[in-house]
Amino acid sequence: MSDIYDKVIELAKRRGFVWPSAEVYGAVAGFIDYGPLGAMMKRRIESIWRHYYVIREGYYEIECPTVGTESIYVASGHVKGFADKMCQCPHCNEYFRADHLAEACGIHNAGILSKEDLAKAVAPTRCPACDEVFGDVEVFDFNLMFQTTIGPGSQRRGYLRPETAQGMFTDFSRLSRFYRMKLPFGAVQIGKSYRNEISPRQGMIRLREFTQAEAEIFVNPSEKNHPNFSRYADYKVELWAIEQEQKDLPAVEKTMRQAVDEGIIANEYIAYYLALTHELLVTIGIDPARMRFRQHLPDERAHYAVDCWDAEVFSDRFGWVETVGIADRTDYDLRAHSKESGESMTVFVPFAEARKEKRMRIVADMGTLGPKYRGKAKKIADALAEAAPGPDGADVVVDGETYHIPGDLYTVREEEVEVRGVEVRPHVIEPSYGIDRMIYGVLEHAYDEEMVDGEERRVMHLAPCVAPVQVAVFPLVNKDGLDATAREIALDLQDEGILADYDDNGAIGRRYRRQDEIGTPFALTVDYETKEKGTVTLRDRDSMKQVRIPVADVHATLRSLVSGRTRFEDLKEA
RNA sequence: GCGAUAGUAGUCUAGUGGUAGGACAGUGGCUUCCCAAGCCACUAACUCGGGUUCGAAUCCCGGCUAUCGCACCA
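Here the first sequence is numbered in the working numbering, starting from 4 and rising by one per residue.
Below, the structure written as structure tokens:
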């Protein structure tokens, strides 16, 4: 003992936020259970996320299976790309990435070598661990996806999804009809994803089963301006862009308008979700001073991505933790699924006004062309339609051979056609949130120890909107009917949908402290004045101050406090 | 996964081969009554599996988990 991590995890375990999963049988690294308070807090964070993405942005939530067939992940590239080629030293049994070993001895692009070639490349090198020459080693694939089989007889291979995103892509055509073919549109998913990490060692930060909240926003590639950009145009965020990162400079503060105009952020969509993410993280209780937006360096971002930013949250134990990724993935995913599935995955975008376009149409004289070229005739005719004929005929290339087609074998017509629009393959803007990491960040940033009258007070400064228990209700003493009144108030609050925890055990000070430790933001106490004047005391967790409010106002006041519309400091004494 | 270290009530900890003790927390009661007060009572643990031994929390081996280092981290 101990840094904040130890203290936060100790409290989280003891009070029922997060537990090692299935501890009775021996926990397995990378799996956690959310206890009663943790699960409640997680739901609250998820519903705040929904408020932003589903209600405010209008991107409906869908829910897809966590088991997917092989073709999904062949298309997405996870079957190939998510597999590391590994080998084991025959002398010391240490595991290594085979491509890393090969690159260390001067082979470039070792990542594209076959298993056999990698084994050859590694054989003469020395093991970094035991310094023996490797000799004969077997290079094998280690895929980070959990594999399973679907149905009996294990004919059909399935994978647990490594991200929720693919569901939005495979449902693209139906989504596009749902949104009546109007770009932009988006869909979101909150759910479990799975990655069989080789050795997850960072508690809640690297899990084998984790919760993601992802939005896939499909936009017209030529219109990357967000329709509601004005909402965040003046929103200021500290940006640690490529330039600052490479030169080791501090982050710069910019409005989103500036950042887009200066070309720091690729487009309004990315900037919009970056600002929205900032607002969301602050709302759930991430300390703005311990948060930054870091731009991916060109060599670290996926080859197809135009721009990518991570929201990173600072942890006392882990340093900067990548918590949210916001990327412009272009049309990569839809193109990949279109190719694998044969679906077009495009959206017809009509022009404001249908355009009349003049087109040259080249029509082959099949009566002559057919007998002359026989089997090739169809292909030649198709090529002709695309060709640019000269005065003495047209040259077309079919199957690698050039054919000269004299002018009398086709006619050129000029036609006027009406073009109403184009088929567009949308680009994808993807904000992707790691819910578990957000929860850890919230817990760590909320944790505090302070001295009160020479005694340590442990308190979780959870935002009222994410605190699992929203209000505690106490009788000052357990007699003279105060307890019955307090019980009634608690019941009323519960009827109103407010999570109120009634407690009459022991001394009142102890009850306050118990609630402080789980981050309950407010406590109501029924005392002798309640009977006489119809008021109760409302105590604020952070300041430990109290105001008296009328019993009749309890619901409305708490609702307003919990939603953040009112601050405790602004309450008036009854 | 490799190596080192560790694992005793919910938490912290005492216990070097002879049937586990404390503190805090928790529960019930008394009392006091607005910030972990006091008194009484109670609940509750040797990480798991093998081995050595008449006897193992204690010694040995292995698993699991945690911490640190190495490796891994779309």
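For glycine and all other residues, C-beta sits at the position ideal for the given N, C-alpha and C.
Asked                                                                                                                           : Found
Rounded separation between R304 and S196 - CA only                                                                              : 21 Å
Classification of P394 by the beta-carbon crowding that lies within 10 angstroms, buried from 16 upward                         : exposed
F321 versus D556: straight-line alpha-carbon distance, rounded                                                                  : 44 Å
F221, DSSP secondary structure in three states                                                                                  : strand
Whether H299 touches A308 by CB criterion (9 Å)                                                                                 : yes
Identity of the residue in A25, Q247, G437 and D439 nearest R297 by Cα                                                          : Q247
With 16 other Cβ atoms within 10 Å as the buried cut-off, status of M4                                                          : Because the pLDDT at M4 is just 39, under 50, the model does not fix this residue reliably, and the value given afterwards should be weighed accordingly. Per the 10 Å Cβ criterion, exposed.
Contacts around E452, its chain only, beta-carbon distance under 6 Å, and the 5 residues preceding and following it disregarded : E459 and R461
Element boundaries [alpha helix (DSSP H), containing I442]                                                                      : I438 to A449
Residue closest to I492, alpha-carbon to alpha-carbon, out of L541, L178, E447 and T523                                         : L541
Q158 to I51 span [Cα, whole Å]                                                                                                  : 42 Å
Whole-Å CB distance - L485 paired with D530, under 8 Å assumed                                                                  : 7 Å
Buried/exposed call for Y28, threshold 16 Cβ in 10 Å                                                                            : exposed
Reduced DSSP category for H464 - H, G, I as helix; E, B as strand; rest coil                                                    : coil
Buried/exposed call for Q249, threshold 16 Cβ in 10 Å                                                                           : exposed
Entirely enclosed alpha helix (DSSP H) segments - the stretch 487-540, minimum 4 residues                                       : 511-520 and 531-536
Cβ contact (3+ pairs, closer than 8 Å) linking the stretch 414-425 and the stretch 213-231                                      : no
Contact under 9 Å by Cβ, R544 with T523                                                                                         : yes
Host beta strand (DSSP E) of E421 (start-end)                                                                                   : Y413 to V427
Inter-stretch contact (C-beta, 8 Å, three-pair minimum) for the stretch 333-349 and the stretch 166-174                         : yes
N3 burial status per 10 Å Cβ neighbour count (16 or more: buried)                                                               : The structure shown does not extend to residue 3, since the chain is modelled only from 4 through 577, so no value can be given for it.
C-beta contact flag for I442 and G206 at 9 Å                                                                                    : no
Whole-number beta carbon distance between I329 and Y276, since they are thought to touch under 8 Å                              : 5 Å
Close Cβ partners of E418 (< 6 Å) along its chain, the five nearest in sequence each way excluded                               : R362 and R364
Contacting residues, own chain, Cβ-Cβ under 6 Å from R514 (five flanking each side not counted)                                 : F477 and D506
6 Å Cβ shell around D313 - same chain, five flanking residues per side excluded                                                 : R297, E325 and G328
DSSP state of F172 mapped onto helix, strand, coil                                                                              : helix
Range of the contiguous alpha helix (DSSP H) that encloses E49                                                                  : P39 to R53
Under 9 Å between C-beta atoms of M148 and F85                                                                                  : yes
Exposure label - T167; buried when at least 16 CB within 10 Å                                                                   : buried
Within 9 Å, strictly: CB atoms of V136 and A126                                                                                 : yes
Span separating the alpha-carbon of G61 from that of Y272                                                                       : 15 Å
Extent of the continuous beta strand (DSSP E) to which E360 belongs                                                             : V350 to A367
Three CB pairs or more closer than 8 Å across the stretch 61-71 and the stretch 232-243                                         : no
Coil, strand or helix - T371 by DSSP                                                                                            : helix
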